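In what follows, a structure is listed as structure tokens, so that the remarks can point back to it.
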Amino acid sequence: EFLEKVYQNIENFNHSLDEDEFIQDGILKAVIYERGFKISLVYKENILDYASFISAYIKAYYEWLLYFVEKLEQRINIIINSFKETQ
Numbered sequence: 201e202f203l204e205k206v207y208q209n210i211e212n213f214n215h216s217l218d219e220d221e222f223i224q225d226g227i228l229k230a231v232i233y234e235r236g237f238k239i240s241l242v243y244k245e246n247i248l249d250y251a252s253f254i255s256a257y258i259k260a261y262y263e264w265l266l267y268f269v270e271k272l273e274q275r276i277n278i279i280i281n282s283f284k285e286t287q
């Protein structure tokens with residue numbers, strides 16, 4: 201049940217990201233494609249046990265989140281620096 205709740209929270213977060221204009225601006229869109237790639241690798245493993253599948257899914261998502269945070273920080277720094285240059 202715990203893994204199922206984590207999985208559902210991931211799906212809710214995905215929906216929020218997919219609807220967010222800042223994330224979908226074209227620059228960070230490649231990061232979203234990376235999410236799909238990492239998750240597709242989990243599906244390709246054809247894991248039959250549901251708990252094992254969700255565990256693998258969560259692990260892949262965690263790896264993607266690290267990448268996402270890194271790229272998001274880079275994007276934010278670019279915006280901050282461009283704002284400083286205009287002042």
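Under our numbering, the first residue of the sequence shown carries the number 201, and numbering increases by one thereafter.
All C-beta atoms in this analysis are idealised placements derived from N, C-alpha and C, irrespective of residue type, glycine included.
As the structure is a prediction and not an experimental result, all values here were calculated from the model.
Near residue i, what residues of its chain come up, given a Cβ to Cβ distance below 8 Å and the 5 sequence neighbours on each side ignored?
i	result
Arg275	Ile227 and Leu228
Val206	Ile254 and Ile258
Excluding five sequence neighbours on each side, which residues of the same chain lie with their C-beta closer than 6 Å to the C-beta of residue i?
i	result
Val231	Phe268 and Lys271
Val242	Ala256, Tyr257 and Ala260
Is it the case that the Cβ atoms of residue i and residue j are separated by a distance below 8 Å?
i	j	result
Ile223	Leu217	yes
Glu204	Ile239	no
Would residue i be called buried (16 or more neighbouring beta carbons within 10 Å of its own) or exposed?
i	result
Tyr261	buried
Tyr233	exposed
Going by DSSP in three states, residue i sits in which element: helix, strand or coil?
i	result
Gly236	helix
Asn246	coil
Gln224	coil
Glu219	helix
Glu201	coil
Gln287	coil
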